[in-house]
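Protein chains: 2
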Amino acid sequence: MVAAANMVEVAALVGDTARATMLAALMGGQALTASELASRARISKSTASGHLGKLVNARLLDVTQKRRNRYYRIASPLVARMLEGIKAVAAIEVPQRYQPRSIGDDRLRFARTCYDHLAGHLGVAIADALVAEGHIVLAEDGGEVTVSGMNFLSAFGAALGPKAGGRRIFCRPCLDWSERRYHVAGHVGAEIHRCCLERGWLRRDRDSRIVRVTPAGQVGLRKAFGIDLRGNPAPAPSPAHGVMKKRLWTSPGE
Amino acid sequence: MVAAANMVEVAALVGDTARATMLAALMGGQALTASELASRARISKSTASGHLGKLVNARLLDVTQKRRNRYYRIASPLVARMLEGIKAVAAIEVPQRYQPRSIGDDRLRFARTCYDHLAGHLGVAIADALVAEGHIVLAEDGGEVTVSGMNFLSAFGAALGPKAGGRRIFCRPCLDWSERRYHVAGHVGAEIHRCCLERGWLRRDRDSRIVRVTPAGQVGLRKAFGIDLRGNPAPAPSPAHGVMKKRLWTSPGE
DNA sequence: GCAATGGTTCGGCAGCGGCCGAACCATTGC
DNA sequence: GCAATGGTTCGGCCGCTGCCGAACCATTGC
Chain R
2 MVAAANMVEV AALVGDTARA TMLAALMGGQ ALTASELASR ARISKSTASG HLGKLVNARL
62 LDVTQKRRNR YYRIASPLVA RMLEGIKAVA AIEVPQRYQP RSIGDDRLRF ARTCYDHLAG
122 HLGVAIADAL VAEGHIVLAE DGGEVTVSGM NFLSAFGAAL GPKAGGRRIF CRPCLDWSER
182 RYHVAGHVGA EIHRCCLERG WLRRDRDSRI VRVTPAGQVG LRKAFGIDLR GNPAPAPSPA
242 HGVMKKRLWT SPGE
Chain V
2 MVAAANMVEV AALVGDTARA TMLAALMGGQ ALTASELASR ARISKSTASG HLGKLVNARL
62 LDVTQKRRNR YYRIASPLVA RMLEGIKAVA AIEVPQRYQP RSIGDDRLRF ARTCYDHLAG
122 HLGVAIADAL VAEGHIVLAE DGGEVTVSGM NFLSAFGAAL GPKAGGRRIF CRPCLDWSER
182 RYHVAGHVGA EIHRCCLERG WLRRDRDSRI VRVTPAGQVG LRKAFGIDLR GNPAPAPSPA
242 HGVMKKRLWT SPGE
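Protein sequence lines, in the order shown, are assigned to chains R and V.
In case it helps, the numbering used here puts the first sequence at residues 2 to 255.
In case it helps, the numbering used here puts the second sequence at residues 2 to 255.
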């Protein structure tokens, strides 16, 4: 067997707690070692080795050897999107009250990476701001950058490339599991993330998906997007763009 | 247990041959009965009943009772997108030669529905034509309708709605598993499909994803998109838009 | 009422696959 | 050379879950 032959095989690979935990950890966008992944999944090294072998075989993960360590990473954006899609379905209609609080830390809910872009409260806030200003349009099916958005984002430092060329200019919605609303993914989302890191507005936690906002970021984000993060829990999220149809959860602020 | 709690559960549901077969059958967009699904998956009614119960419980499927029959359908576009995503990953890099020929009929490869839009050779040909004319832009991350595209598609009869409203105007790429190239999904894809059916250009096979092109369709598709379908195998596909990076298969015309 | 049809429930069987620890291999550093 | 570290392979155990047929229930049609 080389590479997964069909949906069943792929889905079955994701459909195991240990493997899914590893994949979720790797959705942070960083490469992690086998041992690190084993400890995240709380399984023995031997078990982890077996799982990782399968995932690499099926081309869901890539490995690179560096000195004594093997670093695993998500093999392609296609895989990342698949995982997003599964997560989005899984998050549907699970009433908030059933989700034990602080499962995976409030900081994770506040700001994290989602493969190559920003998610969590911060991600959604940025999306809200861009929508409110008319810079982008986001909905269930897709997203678009408006003319003003092209100007704004270019000025911000995003490399949007030639629109005509058809090469990765895109803006894609990604359903945020913690906020249950859309944040910006696709090339635009990745560029926003990159620019924020580059300016020192954000810093990534070591070996984690958690993103922290620096003091400079507090100021920068407020000036650029009008986002005020000082009261951590959130500046009232404007209902500007598409939300899940059924709000079964009891929306406790966050 | 009501509704799937996490990715693992959802993926595990898809990660079983019988259930995946049923889901794939339902990706045709039509609702099917329990017995029909059991026979598609080649399992007993009792086994099918168990599987369908799980899928409904997890909110992947919806049921509606009609007389003596229970009709199952994909519960939401989100689920459909998830399945597309898994399929896309599964289709990666599986050399064509490994895929037994005519598994599922050449007609399926030629033209079929993919939930609410067109796929197969026909779907890709339409996408190619629209891209070549500059009506849409398609790439890995997303798609866009150009100004000329808005005019063209409106004239074609597609209800694109107010661009500003942000309501389902979108054009999304969907990786075609048989062609390994993108076809048009999202609202635009669904509208094109709808218009073609409405004009009598296409007809759906009963209880199947297969779509047949009527004589009127032959003419209409040629006039509207410049697609010539008389030589079934295909008018040389222009390499106009995004293809999979690695072409491991030996592209035998199709 | 009865027969036919569509679907579900139950009990029992069988096999896949996850898990671990121990042994093993390879690389690094001394 | 040796010890330490990171990872893989192997063997054996165990439990989950898919499968079926038979019985059962509900609706339809006569």
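Every residue gets a Cβ at the ideal spot worked out from N, C-alpha and C, and that includes glycine.
For residue i and residue j, which I take to be in contact (beta-carbon distance under 8 Å), what is that distance rounded to the nearest angstrom?
{"i": "V/Arg-71", "j": "V/Ala-35", "result": "5 Å"}
{"i": "R/Ala-21", "j": "V/Val-9", "result": "5 Å"}
{"i": "R/His-184", "j": "R/Ala-120", "result": "5 Å"}
{"i": "V/Leu-230", "j": "V/Val-212", "result": "About 12 Å; that fails the 8 Å criterion."}
{"i": "R/Val-146", "j": "R/Cys-172", "result": "5 Å"}
{"i": "R/Gly-143", "j": "V/Gly-124", "result": "Their Cβ separation, rounded to whole angstroms, is 17 Å, which puts R/Gly-143 and V/Gly-124 out of contact at 8 Å."}
{"i": "R/Ala-217", "j": "R/Gly-227", "result": "With 8 Å as the limit, R/Ala-217 and R/Gly-227 do not qualify as a contact, their Cβ atoms being about 17 Å apart."}
{"i": "R/Leu-14", "j": "R/Lys-55", "result": "6 Å"}
Check each candidate in the options and name the one with the smallest Cα separation from residue i.
{"i": "V/Ala-130", "options": "V/Lys-224, V/Asn-7, V/Thr-215, V/Gln-31", "result": "V/Lys-224"}
{"i": "R/Val-57", "options": "R/Gly-86, R/Ala-76, R/Arg-113", "result": "R/Ala-76"}
{"i": "V/Ser-149", "options": "V/Ala-160, V/Glu-141, V/Ala-159, V/Ile-137", "result": "V/Ile-137"}
{"i": "R/Thr-65", "options": "R/Ser-45, R/Ala-32, R/Met-83", "result": "R/Ala-32"}
{"i": "R/Cys-196", "options": "R/Asp-117, R/Arg-207, R/Leu-176, R/Trp-178", "result": "R/Asp-117"}
{"i": "R/Asp-17", "options": "R/Glu-192, R/Ala-140, R/Gly-51, R/Glu-141", "result": "R/Gly-51"}
{"i": "V/Phe-153", "options": "V/Gly-135, V/Arg-204, V/Ala-140", "result": "V/Gly-135"}
{"i": "R/Ser-45", "options": "R/Ala-133, R/Met-28, R/Met-23, R/His-194", "result": "R/Met-23"}
{"i": "V/Ile-93", "options": "R/Asp-106, R/Arg-74, R/Arg-60", "result": "R/Arg-60"}
{"i": "R/Arg-181", "options": "R/Phe-157, R/Glu-141, R/Glu-192", "result": "R/Glu-141"}
{"i": "V/Ala-39", "options": "V/Leu-53, V/Gly-29, V/Met-28", "result": "V/Leu-53"}
{"i": "V/Ile-127", "options": "V/Val-15, V/Arg-43, V/Pro-174", "result": "V/Pro-174"}
{"i": "R/Arg-82", "options": "R/His-194, R/Val-132, R/Gly-187", "result": "R/Gly-187"}
{"i": "V/Leu-109", "options": "V/Asn-7, V/Thr-147, V/Leu-176, V/Asp-206", "result": "V/Asp-206"}
{"i": "R/Ala-42", "options": "R/Val-146, R/Ala-25, R/Ala-19", "result": "R/Ala-19"}
{"i": "V/Gly-221", "options": "V/Ser-209, V/Leu-176, V/Leu-203", "result": "V/Leu-203"}
{"i": "V/Ala-26", "options": "V/Thr-48, V/Leu-62, V/Asp-107", "result": "V/Leu-62"}
{"i": "R/Ile-193", "options": "R/Ser-209, R/Gly-30, R/Ser-155", "result": "R/Ser-155"}
{"i": "R/Ala-160", "options": "R/Leu-139, R/Ala-133, R/Val-189, R/Ala-217", "result": "R/Val-189"}
{"i": "R/Leu-176", "options": "R/Gly-86, R/Pro-216, R/Ser-47", "result": "R/Gly-86"}
{"i": "R/Gly-30", "options": "R/Asp-208, R/Ile-228, R/Gly-201", "result": "R/Asp-208"}
{"i": "R/Met-28", "options": "R/Leu-139, R/Val-80, R/Leu-198, R/Glu-199", "result": "R/Val-80"}
{"i": "R/Asp-107", "options": "R/Ala-191, R/Ser-179, R/Asn-7", "result": "R/Ser-179"}
{"i": "V/Ala-49", "options": "V/Tyr-73, V/Leu-198, V/Arg-210", "result": "V/Tyr-73"}
{"i": "V/Phe-157", "options": "V/Leu-139, V/Leu-198, V/Ala-133", "result": "V/Leu-198"}
{"i": "R/Asn-7", "options": "V/His-122, V/Ala-91, V/Arg-69, V/Ala-191", "result": "V/Ala-91"}
{"i": "R/Pro-78", "options": "R/Arg-68, R/Arg-210, R/Ala-191", "result": "R/Ala-191"}
On the DSSP bridge assignment, give the partners of residue i in chain order.
{"i": "V/Leu-62", "result": "V/Ile-75"}
{"i": "V/Lys-67", "result": "V/Asn-70"}
{"i": "R/His-118", "result": "R/Cys-115"}
{"i": "R/His-184", "result": "R/Cys-175"}
{"i": "V/Leu-33", "result": "V/Tyr-73"}
Could you list which residues in chain R have their beta carbon closer than 9 Å to that of residue i, in chain order?
{"i": "V/Gly-16", "result": "Met-8, Val-9, Glu-10, Val-11, Ala-12, Ala-13, Leu-14, Val-15, Gly-16, Asp-17"}
Can you name the residues of chain R whose CB is closer than 7 Å to the CB of residue i?
{"i": "V/Cys-172", "result": "Gly-143"}
{"i": "V/Gly-187", "result": "Asp-142, Gly-143"}
{"i": "V/Met-23", "result": "Within chain R, no residue comes near V/Met-23; the closest Cβ sits about 12 Å away, beyond 7 Å."}
{"i": "V/Arg-257", "result": "Residue numbering for chain V in the displayed model covers 2 to 255; residue 257 of chain V lies beyond these limits and cannot be assessed."}
Below 8 Å on C-beta distance, what does residue i contact in chain R?
{"i": "V/Val-80", "result": "Val-90"}
Applying a beta-carbon distance threshold of less than 7 Å, which residues of chain V neighbour residue i?
{"i": "R/Gly-86", "result": "Arg-82, Met-83, Gly-86"}
Under the criterion of a Cβ to heavy atom distance below 7 Å, does residue i qualify as lining the ligand COA?
{"i": "V/Ala-35", "result": "Judged by which ligands are present, the structure shown has none, so any question about the ligand COA falls away."}
Mind listing the chain V neighbours of residue i? Cutoff is C-beta to C-beta under 8 Å, in chain order.
{"i": "R/Arg-74", "result": "The premise fails here: R/Arg-74 is roughly 15 Å from chain V at the closest Cβ pair, so nothing lies under 8 Å."}
(message) Runs of 4 residues minimum, wholly inside the segment 126-175 of chain V: which ones carry the alpha helix (DSSP H) assignment?
(response) For the alpha helix (DSSP H) assignment, the uninterrupted runs of no fewer than 4 residues enclosed by the segment 126-175 of chain V are, from N- to C-terminal side, 148-157.
(request) Could you pull out every unbroken beta strand (DSSP E) segment of at least 3 residues lying fully inside the segment 194-233 of chain V, listed in chain order? (result) DSSP runs (the beta strand (DSSP E)) wholly in the segment 194-233 of chain V: 203-205, 212-214.
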